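Input: a single structure, listed below in structure tokens.
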Amino acid sequence: MSRYAVVLAAGRGERLWPLTSTRPKPLLPLPGGETLLTRLLGQLGGIVDGVVVVIAKGWAGEAVKKLLDQRGFTASYAVQ
Numbered sequence: 024m025s026r027y028a029v030v031l032a033a034g035r036g037e038r039l040w041p042l043t044s045t046r047p048k049p050l051l052p053l054p055g056g057e058t059l060l061t062r063l064l065g066q067l068g069g070i071v072d073g074v075v076v077v078i079a080k081g082w083a084g085e086a087v088k089k090l091l092d093q094r095g096f097t098a099s100y101a102v103q
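Printed below as a string of structure tokens:
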């Protein structure tokens, strides 16, 4: 049986304003150069068969897709 993770990355992050005024919440930087999203996907790597990332339509969703492509993560996307 295959196991998939669904990662919700479509929120506006209003409670983290002004940190999210120029980047989506999943792309906020963490110490060591990772983002919230890349750290989560790295942790999921060994325990799931695939990942579906739910993104928002517009610049935030495109920024998430671009980062994951640049970092070599394989994921399917669902646009909210």
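Under the numbering used here, residues 24 to 103 are what the sequence shown spells out, in order. Just so you know, even glycine gets a beta-carbon here, dropped at the ideal spot from N, CA and C. Given the structure is predicted, the values throughout are model-derived calculations rather than measurements.
Beta-bridge partners of residue i, as assigned by DSSP
i, result
"isoleucine 78", "Ala32, Val102"
"glycine 95", "BP columns for glycine 95 are empty, so no partner."
Nearest-angstrom beta carbon gap, residue j and residue i [assumed within contact, 8 Å]
i, j, result
"valine 87", "proline 52", "About 14 Å; that fails the 8 Å criterion."
"alanine 20", "valine 76", "This structure cannot settle anything about residue 20, because the visible part of the chain is limited to 24 through 103."
Reduced DSSP secondary structure (H/G/I, E/B, other) of residue i
i, result
"proline 41", "coil"
"proline 54", "coil"
"glycine 65", "helix"
"valine 84", "Note that residue 84 is glycine in the sequence shown here, rather than valine. Correct three-state label for glycine 84: helix."
- Query: Does the stretch 58–69 come close enough to the stretch 26–38 that 3 or more CB-CB pairs lie under 8 Å?
  - Reply: yes
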